[in-house]
Amino acid sequence: MKILIPGSFDPPTNGHIDVINRCSKIFTEIIVGVVVNPSKDSLFTRTERSEMLDKIFNEKQNIKIESFEGLLVDFASKHNVDAIVKGLRAMTDFDYEFQMAQANFTLASYETIFIPSSPEYGYLSSSMVKEIHSYGGDVSSLVPPEVLKSLNND
Ligand code: PNS
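Add 5 to the 1-based position in the sequence shown for the numbering used here, that's all there is to it.
Rendered as structure tokens:
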């Protein structure tokens with residue numbers, strides 16, 4: 006089964022990496038879709054976010070990184086995926102994700118499969134990483150080394 010894991014990944018966190026790695030053991034083929042949202046300011050460009058993910062999953066044959074603009078269902082159909090997979094951290098994610106899943110099903114009959122985040126990453130988000138880092142806090146346990154390097158401009 007070929008699946009799509011979409012997200013902003015601005016930047017990718019250990020929580021994202023954990024969900025993608027766990028999915029790669031369940032599904033045969035994974036497309037990681039890096040969204041380009043012109044109305045949202047991002048810390049990293051489309052290319053930077055894709056390059057970080059490329060480096061992180063370099064060794065994994067069944068994980069491919071792509072970026073997209075526009076509707077998720079159009080991108081899903083272009084890549085001929087069987088379903089969309091989303092990680093859920095807590096019930097606070099649920100309302101929004103449930104609404105998106107129903108919209109994507111209504112638009113193009115795409116099923117969304119939810120996978121719970123591992124307990125140690127339940128609180129973790131890209132925004133939190135950016136905030137801690139912007140105040141000089143240590144985020145080395147929250148992101149992979151490739152992302153830490155980019156955050157520190159190394
Ligand atoms: O990591 P994020 O920011 O929570 O990811 C959000 C994402 C990429 C899943 C969402 O913004 C998205 O699907 N964007 C594409 C535009 C779209 O299809 N919108 C309608 C969905 S109901």
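Virtual Cβ for every residue (Gly too), placed ideally from N, Cα, C.
Below 6 Å CB to CB, which residues in the same chain sit around residue i once its five sequence neighbours on both sides are set aside?
i	result
I70	V37, S55, L58 and D59
V144	V134, I137 and H138
F62	I68
Compare the C-alpha of residue i against each of the options and name the closest.
i	options	result
E34	R51, E53, H21 and I68	I68
N161	D159, S47, G127 and I120	What the structure shows of the chain is the stretch from 6 to 159, and residue 161 is not part of that stretch, so it cannot be assessed.
D46	Q104, L147, N85 and S13	S13
Look up residue i in the DSSP assignment and give the residues it is bridged to.
i	result
L48	According to DSSP, L48 bridges with nothing at all.
P11	G38
Once the 5 residues before and after residue i are set aside, which same chain residues still bring their CB inside 7 Å of it?
i	result
V152	P16, P17 and M57
N109	L77, V78, I89, Y115 and T117
Considering just the uninterrupted stretch of the beta strand (DSSP E) at residue i, what are its terminal residues?
i	result
S72	I68 to F73
In terms of residues, what are the limits of the alpha helix (DSSP H) holding residue i?
i	result
N26	N19 to I31
E151	P150 to L156
Using a beta-carbon distance below 8 Å, is residue i in contact with chain C?
i	result
F103	Absent from the structure: chain C. Only one protein chain is present.
Leaving out five residues on either side along the sequence, give the residues of the same chain with a beta carbon under 8 Å from the beta carbon of residue i.
i	result
F99	L93
Open item on the list: Suppose only complete runs of 3+ residues qualify. What are the beta strand (DSSP E) ranges in the segment 75–148, listed by chain order?
Closed with: 88–93 and 117–121
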